[in-house]
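The structure under discussion appears below in the form of structure tokens.
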Amino acid sequence: AQSVTQLGSHVSVSEGALVLLRCNYSSSVPPYLFWYVQYPNQGLQLLLKYTTGATLVKGINGFEAEFKKSETSFHLTKPSAHMSDAAEYFCAVRSGGTSYGKLTFGQGTILTVHP
Amino acid sequence: NAGVTQTPKFRVLKTGQSMTLLCAQDMNHEYMYWYRQDPGMGLRLIHYSVGEGTTAKGEVPDGYNVSRLKKQNFLLGLESAAPSQTSVYFCASSQNSAGPGNTIYFGEGSWLTVV
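Structural data, given as structure tokens:
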């Protein structure tokens, strides 16, 4: 079984400040990990993903995440927040094998950026 | 470049009515999924399909039925809508689960309200 926990349903930062969104996962097999962003009234857009190889993954819009197996974490960061980053962010895990590639999502974290 | 298209985008139903959500993808993907999104709960898998003519239950299948008569289409049906089915529904597709981290592409969502 696989699960995802996002710590903090709401995160508020000032424009220009560091963004840190936390994600911990559990998976019985090596996981594939994803971050998606959802802007208001829109669908989900893939920010970045970890499959194998380099544990620091860079994504779109200046975001990056680091896979830490020992901590079962995949936290999302961005050095300097922009107003346009305000959205809801979802961490997800996907396992292979007989799970048929289904994604298991965290509860989501709403990021607010204030001037 | 349509990707994953969902129709309708918005719908209001009365309790007990039936309806079908249509998902179409033009990427020749084998795998298709229906998720529902509720506040504070992330996205939860309703049903999925690993190929034309196949369907399987996900995490929250009760009250829904699906069909995959054509590879490009995945229909989600509500036979007798209930207020608890008020949600945002997302369709998704991916090539297959074999490749590490095959990207899952999402539609833009269908907002369903049951009154």
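Residue numbers (the working numbering), protein chains in the order written: chain A, 4 to 118; chain B, 908 to 1022.
Cβ coordinates follow ideal geometry from the N, Cα and C atoms, glycine included.
This one's a predicted model, so the numbers in the text were calculated from it and none came from an experiment.
Beta carbon of residue i nearer than 8 Å to that of residue j
{"i": "A963/B", "j": "T922/B", "result": "no"}
{"i": "C930/B", "j": "N972/B", "result": "no"}
{"i": "C124/A", "j": "G111/A", "result": "No answer is possible for residue 124/A: the residues shown for chain A start at 4 and end at 118."}
{"i": "L952/B", "j": "S1017/B", "result": "no"}
{"i": "L47/A", "j": "I63/A", "result": "no"}
{"i": "R975/B", "j": "S1000/B", "result": "no"}
{"i": "Y28/A", "j": "V96/A", "result": "yes"}
{"i": "T80/A", "j": "L21/A", "result": "yes"}
{"i": "T75/A", "j": "H13/A", "result": "no"}
{"i": "L1023/B", "j": "F917/B", "result": "Residue 1023/B lies beyond the stretch modelled for chain B, which goes from 908 to 1022, so this question has no answer here."}
{"i": "K105/A", "j": "G947/B", "result": "no"}
{"i": "S83/A", "j": "G11/A", "result": "no"}
{"i": "S925/B", "j": "L985/B", "result": "yes"}
{"i": "F93/A", "j": "Q41/A", "result": "yes"}
{"i": "M934/B", "j": "Y1012/B", "result": "yes"}
Endpoints, the beta strand (DSSP E) within which residue i is located
{"i": "Y28/A", "result": "22-29"}
{"i": "M86/A", "result": "Segment: none, M86/A is in no beta strand (DSSP E) and carries neither H nor E."}
{"i": "E18/A", "result": "That residue, E18/A, is in no beta strand (DSSP E); it is neither H nor E in DSSP."}
{"i": "L984/B", "result": "Before going on, a small fix: residue 984/B reads as Gly here, not Leu. Run containing G984/B: 980-985, per the beta strand (DSSP E) assignment."}
{"i": "Q944/B", "result": "938-945"}
{"i": "R951/B", "result": "949-956"}
{"i": "A999/B", "result": "994-1001"}
{"i": "I113/A", "result": "112-117"}
{"i": "V919/B", "result": "917-920"}
{"i": "S12/A", "result": "First-last for S12/A: undefined, no H or E at that position."}
Those residues which DSSP pairs with residue i across a bridge
{"i": "V967/B", "result": "In DSSP, V967/B forms no bridge with anything."}
{"i": "Q5/A", "result": "Its beta-bridge partners do not exist; DSSP assigns none."}
{"i": "E69/A", "result": "L59/A, H78/A"}
{"i": "R975/B", "result": "Paired residues: none, contrary to the question."}
{"i": "Q41/A", "result": "L47/A, E91/A"}
{"i": "Q932/B", "result": "V911/B"}
Exposure label - residue i; buried when at least 16 CB within 10 Å
{"i": "M88/A", "result": "Correcting the residue type first, residue 88/A is Asp in the shown sequence and not Met. By the 10 Å Cβ count, D88/A comes out buried."}
{"i": "P34/A", "result": "buried"}
{"i": "H85/A", "result": "exposed"}
{"i": "T107/A", "result": "buried"}
{"i": "L983/B", "result": "buried"}
{"i": "V32/A", "result": "exposed"}
{"i": "N1009/B", "result": "buried"}
{"i": "A90/A", "result": "buried"}
Integer-rounded CB distance, given that residue j should sit under 8 Å from residue i
{"i": "E1015/B", "j": "Q913/B", "result": "6 Å"}
{"i": "E69/A", "j": "T58/A", "result": "6 Å"}
{"i": "V919/B", "j": "Q932/B", "result": "That belief does not hold up - the Cβ atoms of V919/B and Q932/B are roughly 26 Å apart, past 8 Å."}
{"i": "S15/A", "j": "H117/A", "result": "7 Å"}
{"i": "P990/B", "j": "V967/B", "result": "Not confirmed; about 15 Å, so no contact."}
{"i": "N1003/B", "j": "E959/B", "result": "Contact doesn't hold; Cβ gap of about 13 Å is too wide."}
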